[in-house]
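Q:
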Amino acid sequence: MTLNCIIVDDEAFARRHLEKLLGGIEGVNLIDSFSCSADVLTFARQNGDNIHILFLDIEMKDMDGMELAGRLRQETSMDHIQIVFTTGHAQFALKSYRLDATDFLLKPVLENEFNEALLRCRKRALAQEFIQKHLDSTILVKNVRTGRKTNVRRDDILYVESMDHYTKIHTAEVYYLILLPLKKTFSLLGTPNFVQIHRGIIINVDKIANYDYKKIALHNGVVLDIGQTFQKTIHKLLNRKDGGLFPK
Numbered sequence: 113m114t115l116n117c118i119i120v121d122d123e124a125f126a127r128r129h130l131e132k133l134l135g136g137i138e139g140v141n142l143i144d145s146f147s148c149s150a151d152v153l154t155f156a157r158q159n160g161d162n163i164h165i166l167f168l169d170i171e172m173k174d175m176d177g178m179e180l181a182g183r184l185r186q187e188t189s190m191d192h193i194q195i196v197f198t199t200g201h202a203q204f205a206l207k208s209y210r211l212d213a214t215d216f217l218l219k220p221v222l223e224n225e226f227n228e229a230l231l232r233c234r235k236r237a238l239a240q241e242f243i244q245k246h247l248d249s250t251i252l253v254k255n256v257r258t259g260r261k262t263n264v265r266r267d268d269i270l271y272v273e274s275m276d277h278y279t280k281i282h283t284a285e286v287y288y289l290i291l292l293p294l295k296k297t298f299s300l301l302g303t304p305n306f307v308q309i310h311r312g313i314i315i316n317v318d319k320i321a322n323y324d325y326k327k328i329a330l331h332n333g334v335v336l337d338i339g340q341t342f343q344k345t346i347h348k349l350l351n352r353k354d355g356g357l358f359p360k
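So in the numbering used here, spot 181 of the sequence shown is number 293, and the numbers just go up one at a time.
1. In this structure, does DSSP put Glu123 in helix, strand or coil?
2. Just list the beta strand (DSSP E) runs in the stretch 245 to 299, keeping only unbroken ones of 3 residues or longer that don't cross its boundaries, in chain order.
3. List the endpoints of the continuous alpha helix (DSSP H) containing Ser149.
4. To which residues does DSSP link Leu323 through a beta bridge?
5. Please name the residue, chosen from Lys245, Met178, His277, that lies closest to Asp212 on a Cα-to-Cα basis.
6. Decide if Val307 is buried, meaning its Cβ has at least 16 other Cβ atoms within 10 Å, or exposed.
7. Between which residues of its own chain and Ile338 is the CB-CB distance below 7 Å, once the five residues before and five after are set aside?
8. Excluding the 5 residues flanking Asn141 on each side, which residues of the same chain have their C-beta closer than 6 Å to its C-beta?
9. Near Asp268, which residues of its chain fall below 6 Å by C-beta distance, leaving aside the five closest residues on each side in sequence?
10. Confirm, please, whether the CB-CB distance from Ser149 to Leu184 is below 7 Å.
11. Please report the Cβ distance between Tyr287 and Lys280, rounded to the nearest whole angstrom; I am assuming they are in contact, meaning their Cβ atoms lie under 8 Å.
12. Looking only at C-alpha atoms, which of Arg266, Thr262, Leu292, Arg257 sits nearest to Ser274?
13. Under three-state DSSP, which class holds Ile346?
14. Roughly how many whole angstroms lie between the Cα atoms of Asn224 and Asn159?
15. Provide the residue(s) that pair with Val140 in DSSP beta bridges, ordered along the chain.
16. Taking the DSSP output, what are the residues bridged to Asn316?
17. May I ask you to report which of helix, strand or coil DSSP gives Thr341?
18. Here's a check: name, in chain order, each residue in its chain whose Cβ is nearer than 6 Å to the Cβ of Asp121, leaving out the five neighbours to either side.
19. DSSP three-state call for Leu211: helix, strand or coil?
20. Evaluate Thr351 with the Cβ neighbour count: other Cβ atoms within 10 Å of its Cβ, from every protein chain shown; 16 or more gives buried, anything less gives exposed.
21. Where does Asn227 land, buried or exposed, given buried means 16+ other C-beta within 10 angstroms?
22. Among residues of its own chain, excluding the 5 on either side of Asp248, which ones have a beta-carbon nearer than 7 Å to its beta-carbon?
23. Determine the closest residue to Asn332 out of Thr250, Glu285, Ala237, with distance taken between C-alpha atoms.
24. Could you please give me the residues that DSSP links to Asn166 through a beta bridge?
25. Mapping the DSSP letters down to three states, classify Leu222 as helix, strand or coil.
Quick look at the structure:
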């Protein structure tokens with residue numbers, strides 16, 4: 113993965129030094145350099161998803177690096193940004209790690225120490241990416257029957273059905289009964305692979321074995337009725353020639 117970086121330092125020569133160190137490293141992209149902390153905060157709020165690393169000076173005039181880091185950490189949309197402090201004052205080291213800094217570099221920043229910091233950042237970013245992919249592929253539900261919270265893989269879900277104020281999530285092996293109405297469960301599933309075929313039923317289209325105008329058969333042998341008000345829409349969806357979810 114390419115690591116997108118920002119440099120923040122009110123001293124021009126310090127910014128140029130870090131830019132030079134970054135310039136010789138593959139897999140790293142310098143988005144911009146800033147001399148003003150307030151400008152960084154505004155930029156990060158607008159582009160936070162695309163920022164991986166912030167090289168941040170501590171002693172600056174308008175807003176010091178510690179304050180900027182603290183404000184970034186308070187906003188969950190920017191919590192993933194890794195911070196590497198760069199400063200000429202070692203006494204800030206302990207406080208920097210309380211702000212979950214990935215590293216702390218003393219000026220003048222040496223090339224080998226800079227490369228080691230980048231390596232730590234890359235390892236941490238890859239770990240974050242792995243965890244996020246796992247979270248994106250699952251939904252966290254609380255099973256009413258057991259009282260336990262479980263991560264259920266979306267790919268394992270065959271269909272879900274409404275049961276009064278509850279929703280029953282069916283997989284090939286087990287089912288989960290959760291205290292959520294069907295509409296909220298539909299939002300939780302959050303992918304186009306799940307479609308509603310009945311007022312009380314949502315299916316995973318990847319699990320369809322066969323279908324006709326009124327019924328859908330799943331791979332596990334379960335046959336489900338398509339609600340009358342859904343039949344026309346579902347028929348078009350499943351038979352769409354170009355880019356359909358389940359083309360015949």
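Where is the CB? At the ideal position from N, CA and C, for every residue including glycine.
A: Checking against the coordinates, here is how it stands:
1. Glu123 sits in coil when the DSSP states are folded into three classes, being neither helix nor strand.
2. You should have 250 to 254, 261 to 265, 269 to 275, 278 to 283, 287 to 290.
3. 149 to 159
4. Position check: residue 323 holds Tyr in this sequence, whereas Leu was assumed. Paired residue(s): Ile328.
5. Met178
6. buried
7. Ile309, His310, Lys326, Lys327, Ile328, Ile346
8. Thr114, Asn116
9. Thr283
10. no
11. 6 Å
12. Leu292
13. helix
14. 30 Å
15. Leu115
16. Phe306
17. Correct three-state label for Thr341: coil.
18. The answer, listed in chain order, is Arg127, Asp169.
19. coil
20. Contrary to the premise, residue 351 reads as Asn rather than Thr in this sequence. Asn351 is exposed by the Cβ-count criterion.
21. Exposed.
22. Excluding sequence positions up to five before and after Asp248, its CB lies less than 7 Å from no other CB in the same chain.
23. Glu285
24. According to the sequence provided, residue 166 is Leu. The question's Asn does not apply to it. Leu166 pairs with Ile118, Ile195.
25. Reduced to three states, the DSSP call for Leu222 is coil.
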